[in-house]
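S.K.: My structure is below; once you've seen it, I'll send some questions.
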Amino acid sequence: MIIKKTFTYAILTGVSLGFIQKSEPTLKDAFKQDFYVGAALNGRQISGQDPKATALIKQQFNTISPENLLKWGPVHPQPDTYNFKPADDYVKFGQDNKMFIVGHTLMWHQQTPKWVFEDAAGNPVSREVLLKRLEDHINTVVGRYKGKIGGWDVVNEAIDDQQGDLRKTKWLEILGEDFAAKAFEYAHKADPKAELYYNDYSLYRPEKRAGTIKLVKSLQAKGIKVAAIGMQGHYGLTKPSLEDIEASIVAFSKLGVKVNFTELDIDVLPNPSRRQGADIAETFGADEKYNVYTTGLPDSVQQKLTKRYADLFALFRKHRNVIDRITLWGVTDNDSWLNDWPIRGRTSYPLLFDRSYQPKPAMQAVLQTAKNKM
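First residue of the sequence shown? That's 1 in UniProt numbering, and the numbers climb one at a time after it.
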């Protein structure tokens, strides 16, 4: 099916506003009865260096996530140093535009400085020292935005890719198996009203699904409330299957938690990895056969992308009673991390808006799913 573009464009406050369609609502309006629709924001957008993207964000989305600026490394690079300016600007942007603001992320094995796990001599710290550092970090960061940030990805990617066991990380090695419980406890203490999430990729895989269920049940057994499981939607044009994604939605909802799709994008390029996910440690050297659309996306692939987004949003709407939020991992194709992963410098096309801030055919197809009766 070929979907024709019927969009019109306008100039607003001196900035080309990426998308206006007289007969179509915006994303946030189209799905306002179903779930939030949002995007991950980068530093340029937060600092006002990308005004076209800023206009698009304000127009289309009602929730935002920070791509990098609230991860441990950027916000707390040294033991006694916090870099709050970008995070403050991010939160203010969300408040000014009456958006649901997400914090990402408090505990992760990536982008956490080495000093967190080591003493002055470079040796591993004790459990007690690491717990104190974790508590101080969470109390400082979450406490600063208490009542402003509505939900936090407390623990990120703690389940192993292959077997569904706890991932072998410094957090597990030093703290033991209650590392996640401690992070959730500290976050709840710092802001008792904030929603607390577990977030991971490839959760459509049965092994990771089972591992995540085991982890969340262990937290619940300790009286810890997990508000939602974040399923990172780093998907391809055909994999994973809608059936596998749906199986995880249903399984997680049976835990009494909501399901968020937290990092949605569709990789249209050939992938040298045998995995489908987001393990940022797995990178490859440049190879032209994995960067095949340098001058634009062929119409045949554009149609596949359109269908994939339409099918996914139809699935999301089917389960809107348990889904609170859909967040795209970026605003336009130019912002996407997939331009540099798993190979740097690729020309990727994973989002709903192109490099000129204009909507793709997939955008109209997504909006159409909001009209379909269920």
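For every residue, glycine included, the Cβ atom is placed at its ideal position computed from N, Cα and C.
#1: To the nearest angstrom, report how far apart residue 380 and residue 137 are at their CA atoms.
#2: Just to confirm, are residue 304 and residue 237 a CB contact at a threshold of 8 Å?
#3: Alpha carbon to alpha carbon, how far is residue 106 from residue 125? Give it in angstroms, no decimals.
#4: Counting along the chain, where does the alpha helix (DSSP H) carrying residue 318 start and finish?
#5: Would you report the Cα separation of residue 361 and residue 306, rounded to the nearest angstrom?
#6: Counting C-beta neighbours from all protein chains within 10 Å, is the total for residue 79 16 or more, i.e. buried, or is it exposed?
#7: To the nearest angstrom, how far is the alpha carbon of residue 21 from that of residue 252?
#8: Spatial neighbours of residue 248 within its chain, please: C-beta separation below 7 Å, excluding the five flanking residues on both sides.
#9: Using a Cβ-Cβ distance under 8 Å, would residue 95 count as near chain D?
#10: Do residue 143 and residue 197 have their CB atoms nearer than 8 Å?
#11: Nearest by alpha-carbon distance to residue 234: which of 319, 132, 349 is it?
#12: Can you tell me whether residue 308 is buried or exposed? The criterion is at least 16 other CB atoms within 10 Å of its CB, across all chains shown.
#13: Going by the CB atoms, is the gap between residue 154 and residue 190 shorter than 8 Å?
#14: The beta strand (DSSP E) spanning residue 100 covers which residue range?
#15: Check whether the Cβ atoms of residue 327 and residue 263 sit closer than 8 Å, and answer yes or no.
#16: Between 49, 193, 333, 58, which lies nearest to residue 96 when the distance is taken from Cα to Cα?
#17: Suppose only complete runs of 4+ residues qualify. What are the alpha helix (DSSP H) ranges in the segment 76-160, listed by chain order?
#18: Work out the CA separation of residue 31 and residue 268 for me, nearest whole Å.
#19: How is residue 165 classed by DSSP in three states: helix, strand or coil?
#20: Taking one C-beta from the segment 82-94 and one from the segment 39-59 each time, how about it: are there three or more such pairs within less than 8 Å?
#21: DSSP on residue 65, reduced to helix/strand/coil?
#22: Could you tell me the boundaries of the beta strand (DSSP E) in which residue 328 lies?
#23: Can you check which of these residues, 35, 113, 149, is closest to residue 133 by C-alpha distance?
#24: So, are the CB atoms of residue 336 and residue 312 less than 8 Å apart?
#25: Within its chain, find whatever has a CB closer than 7 Å to the CB of residue 374; leave out the 5 residues flanking it on each side and keep chain order.
#26: Measuring only the C-alpha atoms, how far is residue 339 from residue 291?
#27: Mind checking who residue 199 pairs with in its DSSP beta bridge?
#28: How is the beta strand (DSSP E) around residue 37 delimited, first residue to last?
#29: So residue 333 and residue 354 are in contact, right, with Cβ under 8 Å, and what is the actual spacing, rounded?
#30: Put residue 24 into one of helix, strand or coil per three-state DSSP.
#31: Can you round the beta-carbon distance between residue 56 and residue 331 to whole angstroms, since I take them to be within the 8 Å contact cut?
#32: Nearest to residue 195 by CA position, among 365, 229, 254, 221, is which residue?
#33: In whole angstroms, what is the alpha-carbon distance linking residue 172 and residue 315?
#34: Who are the near neighbours of residue 181 in its chain, counting only those whose CB is closer than 7 Å to its CB and skipping five residues on each side?
#35: Three-state secondary structure (DSSP) at residue 255?
#36: Check the C-beta distance from residue 53 over to residue 357 and give it rounded, since I have them as a contact under 8 Å.
M.R.: For this structure:
#1: An answer regarding residue 380 cannot be provided, because it is not within the stretch 1 to 374 covered by the chain.
#2: yes
#3: 19 Å
#4: 299-318
#5: 6 Å
#6: exposed
#7: Note that residue 21 has pLDDT 48, beneath the 50 cutoff, so the model's placement of it is unreliable and the number below is only indicative. In a straight line, the C-alpha of residue 21 is about 36 Å away from that of residue 252.
#8: 203, 204, 209, 231
#9: As a matter of chain content, chain D is missing from the structure shown, which is built from one protein chain.
#10: no
#11: Out of 319, 132, 349, 349 has the C-alpha closest to the C-alpha of residue 234.
#12: buried
#13: For the 8 Å CB-CB criterion, residue 190 and residue 154 do not form a contact.
#14: 100-107 is the span of the beta strand (DSSP E), which, as asked, contains residue 100.
#15: yes
#16: 58
#17: 85-96, 127-144
#18: 25 Å
#19: DSSP places residue 165 in coil when its eight states are reduced to three.
#20: yes
#21: strand
#22: 323-328
#23: 113
#24: no
#25: 317, 318
#26: Roughly 9 Å between the two C-alpha positions.
#27: 156, 230
#28: Annotation: the continuous beta strand (DSSP E) that includes residue 37 extends over 36-41.
#29: 5 Å
#30: coil
#31: Confirmed, about 6 Å.
#32: 229
#33: 35 Å
#34: 219, 222, 224
#35: Of the three classes helix, strand and coil, the one that applies to residue 255 here is coil, per DSSP.
#36: 7 Å
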